[in-house]
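To start, the structure itself, in structure tokens.
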Amino acid sequence: MKRSLKYTAGIIGLLVIIFLIYLFRPTASNTINTSTNEPTVNIVLIGAGITSATLATYLAELQPDWQIRMYERLDRIAGDTSDGWNNAGTGHSGFMEMNYTSEKDGQIDITQAIEIAHQFEISKQFWAYQLKHLVLHQSQTFINPVPHIAFVWGKDDINFLAKRYAAMIKNPMFYGMKYSTSAEEMKSWAPLIIEGRDAKQPVAATRMDIGADVNYGEITRQLVANLLKHPNFKLQTKAEVNAISRNDDGTWSVGFKNLTTGEDSHIKTRLIFIGAGGATIKLLQYTGLEEAKQYAGFPVGGEFLVTDNPEVVNRHTAKVYGKPALGAPPMSVPHIDTRYLGGKKYVLFGPFATYANKFLKYGSQLDLFAATNDSNIIPIIAIGIKHLDLVRYLVSQLMLNDEERYQSLLEYYPNAKKADWQLVIAGQRVQIIKNAKNKPVTLQFGTETFISDDKTVFGLLGASPGASTSPYIMLNLLEKAFPDKVKNQWNAKLHEIIPSYGQYLEQNPTLLNQIRRYTSEILGLNYIVTQQEQTNQPIKPKQQPANSRCSFVK
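According to our numbering, the sequence shown is numbered sequentially starting from 4.
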């Protein structure tokens with residue numbers, strides 16, 4: 004009864020927040036006064052996270068004569084969503100993420116898992132190219148081989164995992180996946196999840212040895228450090244964008260405040276990319292574009308339990324994902340993970356959902372108010388009513404105390420000692436609420452690329468799996484925004500950066516073998532030879548020099 008009252012109080016509280024949001028909805032962004040003879044840059048990137056850094060790196064290589072400007076509100080690169088401590092560092096490949104494989108009428112649909120796996124193969128090719136060309140340095144500083152394990156218990160979930168495995172193992176992207184219901188075998192994979200568990204409890208797991216842990220913050224910092232060597236790239240930190248306006252000549256003016264001096268400035272640009280994490284929705288609204296009005300957002304934060312106790316971290320090298328709770332967003336799937344951050348190994352468990360009105364970890368409690376207006380208040384309320392399961396889940400998470408979080412940890416690590424773990428606040432994510440014309444309002448848990456009708460304003464919205472697939476997402480943006488350049492003058496360079504560009508790896512096992520061997524040798528990852536030479540045994544390649552090349556890559 005008490006728990007039910009807590010739920011009710013929480014839901015009422017959220018409705019009160021929504022009402023307050025409507026009362027205090029924002030005014031438009033500041034007007035920018037410009038002159039016709041101002042210099043115009045080619046593109047302004049708002050936010051110094053991994054998506055902006057990835058897009059800027061593509062453009063610097065494809066169009067080195069373009070003037071590129073990047074503005075960041077914080078005093079550092081990758082300080083918010085992209086930082087290693089603000090995300091789970093998963094190299095999302097669909098291997099263990101059971102929310103990417105839905106079940107309907109007893110059949111498992113692996114379409115989304117195939118798509119995610121394909122996208123991460125693009126990411127690895129992009130990073131391998133940058134490492135070969137000394138843009139990135141020392142692969143172990145940003146990516147490390149870590150097996151990906153899906154782990155369940157209980158009859159229904161074991162049946163689901165067995166069917167999932169049977170469907171996935173037939174596809175070349177997932178050759179080498181192992182399935183087990185043997186506690187002893189699982190103990191050899193990840194001893195912490197088995198030791199201390201009731202021997203009578205039925206459990207099952209799948210394992211892919213070619214998984215990875217990725218420090219997206221480190222990738223971002225290394226990419227930007229290289230960009231700063233380009234004469235046509237300039238970065239300004241402690242610069243908060245506070246206005247975006249359209250000029251009479253079709254260009255844009257981006258206004259920003261220097262947070263050190265308090266001075267207001269602006270820059271004129273042909274193109275804008277907004278890669279500001281959760282703040283992208285608010286910044287898109289500054290443009291006044293009609294197509295931006297279809298978006299609203301709902302912020303969800305996260306916390307992790309973390310340990311660096313050698314007795315724990317030395318016995319766990321895996322990312323172990325469980326089954327998501329009913330109504331839980333994908334970013335809230337429970338998992339116990341190996342992480343490599345700053346040259347040190349940790350184990351994280353979580354996430355536990357938190358709530359704040361902020362759209363960024365270092366944002367403002369007024370963010371949700373500032374991004375809510377007459378065009379999206381009704382969709383926000385409609386989604387809240389439609390997704391009461393999500394509201395109940397969020398409220399239940401907010402009610403957790405330290406002991407309850409510890410009990411959740413014990414489900415995945417039965418012998419865990421409470422004293423070994425501390426609670427760490429992770430990043431904020433903003434779930435997309437989309438009110439497209441002539442379509443029902445939807446709540447979207449993935450990522451979505453925004454491209455204005457005139458192809459002058461771009462942005463990345465949403466939550467997972469944005470960072471891990473950012474090279475694919477930005478490549479897809481280039482194709483849509485600059486189709487002629489991609490087909491013609493940029494095409495050869497894109498094939499050099501992404502050797503498999505334009506081909507579906509799941510339909511070509513021979514090419515898949517070549518690509519995985521190529522990226523694994525350069526990035527120091529494991530790989531499994533598929534189909535013709537299939538052994539199901541992971542191959543640990545020798546570390547290659549940064550500028551090494553695979554024979555098939557010219």
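Ideal Cβ positions, reconstructed from N, Cα and C, are used throughout, including at glycine.
| Asked | Found |
| --- | --- |
| Which of helix, strand or coil DSSP assigns to R432 | strand |
| Rounded separation between A31 and Y298 - CA only | Bear in mind that a pLDDT of 49 at A31, under 50, signals an unreliable position, so the model cannot answer this. |
| For T445, the first and last residue of its enclosing beta strand (DSSP E) | 445 to 447 |
| Beta-carbon proximity check, M477 vs T57, cutoff 8 Å | yes |
| Nonlocal neighbours in the same chain, by C-beta distance under 8 Å from E482, ignoring five residues either side | V489 |
| Every unbroken alpha helix (DSSP H) inside the stretch 294 to 322 [4 residues or more] | 313 to 316 |
| Option nearest V433 by Cα separation, candidates D68, L403, D340, L371 | L371 |
| Of the listed residues S256, T84, T263, Q510, nearest to M176 (C-alpha basis) | Q510 |
| Opening and closing residue of the beta strand (DSSP E) in which W156 lies | 151 to 156 |
| C-alpha gap between V257 and R167, whole angstroms | 48 Å |
| Contact belief for F301 with I436 at Cβ below 8 Å, rounded distance in angstroms | 6 Å |
| 8 Å contact criterion, which I270 and I53 should meet: CB distance rounded | About 23 Å; that fails the 8 Å criterion. |
| Sequence-distant residues of its chain with Cβ nearer than 7 Å to A215 (five each side left out) | G94, I146, N147, P148, V149, L528 |
| M99, DSSP secondary structure in three states | coil |
| Selection from I197, K173, G449, Y103 that minimises the alpha carbon distance to T184 | I197 |
| Local conformation of Y168 per DSSP, three classes | helix |
| Run of the alpha helix (DSSP H) containing S256, from where it starts to where it stops | Premise fails: S256 lies in the beta strand (DSSP E), 255 to 261, not in any alpha helix (DSSP H). |
| Of the listed residues L514, N491, G281, L515, nearest to Q66 (C-alpha basis) | N491 |
| Same chain only: Cβ atoms within 7 Å of T11, ignoring 5 sequence neighbours per side | Low confidence applies here, because T11 scores a pLDDT of 49, under 50, leaving its location unreliable; read the following figure in that light. Here the set comprises nothing. |
| Contact the stretch 454 to 469 vs the stretch 287 to 296: 3+ CB pairs below 8 Å | yes |
| contact_flag[the stretch 354 to 373, the stretch 270 to 288] where n(CB pairs < 8 Å) is 3 or more | yes |
| Spatially closest choice to L77 from P327, G449, V244, by CA coordinates | V244 |
| Beta strand (DSSP E) runs contained entirely in the stretch 78 to 150, provided each spans 3 or more residues | 105 to 107, 110 to 112, 146 to 148 |
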